[in-house]
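Colleague: Once you've had a glance at the structure underneath, I'll fire off some questions.
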Amino acid sequence: MERGRNELHMVKRLETAVGDRLISVIAYGPIAHEDEYFGGEHLLIVIADLEPDTLRRLGEPVSWWLAKGEPWPRLFSPELLQTSIDVFPIEILDIAGHRRIVFGSDALANVEVDPVYLRAQCERELREKLMRLREGYVECHGTDSTQDLRELLATSFAAFARIFRGCLHLLGAPRARQDRDIVIALCARLDLPAEAFLEIERLARGGRSTDPEAAFIAYYEALAAAERRIDQLIIQGDQS
199 MERGRNELHM VKRLETAVGD RLISVIAYGP IAHEDEYFGG EHLLIVIADL
249 EPDTLRRLGE PVSWWLAKGE PWPRLFSPEL LQTSIDVFPI EILDIAGHRR
299 IVFGSDALAN VEVDPVYLRA QCERELREKL MRLREGYVEC HGTDSTQDLR
349 ELLATSFAAF ARIFRGCLHL LGAPRARQDR DIVIALCARL DLPAEAFLEI
399 ERLARGGRST DPEAAFIAYY EALAAAERRI DQLIIQGDQS
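According to my numbering, the stretch in the sequence shown is residues 199 to 438, in order.
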């Protein structure tokens with residue numbers, strides 16, 4: 199109820215600020231997937247233009263939204279949204295697949311993602327997120343903090359699940375909604391066990407691991423195996 203009221207107030211504030219320049223407000227992300235790991239509501243706001251005067255007018259409604267503890271909304275013009283499809287195909291595909299129209303027209307209707315650009319982003323981001331996970335693990339052992347390790351594992355899950363959505367799309371698999379189902383579906387396609395991922399999904403939902411160190415090792419090994427299989431089936435497979 200509170201979230202719905204905040205959305206209505208946000209739309210009213212946006213309309214007051216920019217008038218008929220406001221085209222669309224779309225909710226997306228974990229809440230749209232019914233995966234409320236971190237509570238925040240992500241908004242994509244489509245405005246007729248992104249000129250300085252428009253941006254200045256957005257200051258009040260955006261500040262109000264942030265004060266409610268919500269994440270920064272994404273601001274697009276119709277032209278920027280269209281040209282961003284090839285730059286951010288994972289994100290656009292995710293939003294287009296699971297979104298809720300809060301106000302206005304559906305700015306993502308009939309969006310098509312080029313598999314060439316999607317493949318490149320999946321490859322790049324999978325390697326980058328693994329690099330960040332390694333760095334976070336090293337940092338956790340520098341502070342010797344079990345809580346920091348739990349948080350590292352929990353926050354990484356949604357990031358990898360987002361990439362796995364793109365990988366499933368490239369494999370021609372049916373769309374799943376929740377991150378847990380994404381992981382299960384990808385592991386089935388890659389012929390890999392899913393339990394190490396599901397342990398981290400439980401942590402992301404607020405559960406506790408009896409041994410976060412063992413959970414990390416199993417998770418890291420599962421991610422490495424998934425990376426190899428994705429490389430074989432999607433990256434190299436497309437080049438053969």
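Positions of the beta carbon are idealized from the N, C-alpha and C atoms, including for glycine. Predicted model only: the values in this text are computed from it and were never measured.
Between the Cα of T344 and the Cα atoms of A356, P271, A357, E411, which residue gives the shortest distance?
Modeller: The option with the nearest alpha carbon to T344 is E411.
Colleague: Going straight from the alpha carbon of P374 to that of G295, what length do you get?
Modeller: Residue identity differs from the one stated: residue 374 is Ala in this sequence, not Pro. Roughly 9 Å between the two C-alpha positions.
Colleague: Considering A225, what are the terminal residues of the beta strand (DSSP E) in which it resides?
Modeller: Note, A225: beta strand (DSSP E), 220 to 226.
Colleague: Of all the beta strand (DSSP E) runs that stay within the bounds of the segment 350 to 384, which reach a length of 3 or more residues?
Modeller: Fully enclosed beta strand (DSSP E) runs of 3 or longer: not present.
Colleague: Between I380 and A359, which are expected to be in contact by the criterion C-beta below 8 Å, what is the C-beta distance as a whole number of angstroms?
Modeller: Correct: roughly 5 Å between the Cβ atoms.
Colleague: Give the secondary structure of H207 by DSSP, where H, G and I count as helix, E and B as strand, and everything else as coil.
Modeller: If DSSP states are grouped into helix, strand and coil, H207 belongs with the helices.
Colleague: Which residues mark the beginning and the end of the alpha helix (DSSP H) in which F414 is found?
Modeller: Here the alpha helix (DSSP H) through F414 covers 410 to 428.
Colleague: Restricting to Cα atoms, I'd like to know which of P228, I243, G227 is closest to V209.
Modeller: Checking every option, the nearest Cα to that of V209 belongs to I243.
Colleague: Would I290 be called buried (16 or more neighbouring beta carbons within 10 Å of its own) or exposed?
Modeller: So I290 ends up on the buried side.
Colleague: Within 10 angstroms of its Cβ, does S222 collect 16 or more other Cβ (buried), or is it exposed?
Modeller: Buried.
Colleague: Please name the residue in L241, W262, L273 whose C-alpha comes closest to that of P250.
Modeller: Among L241, W262, L273, the Cα nearest to that of P250 belongs to L273.
Colleague: When the Cα atoms are used, what is the spatial distance from L212 to F301?
Modeller: Distance between the alpha carbons of L212 and F301: 10 Å.
Colleague: Distance check for F286 and A305, CA to CA, integer angstroms please.
Modeller: Taking the straight line joining both Cα atoms gives about 16 Å.
Colleague: Helix, strand or coil for S438? Go by DSSP, reduced to three states.
Modeller: Low local confidence applies: a pLDDT of 48 at S438 is under 50, so the model's placement there is unreliable, and no value is given.
Colleague: Closest to E399 by C-alpha separation, out of P372, L431, E349, would be which residue?
Modeller: Answer by Cα proximity: E349.
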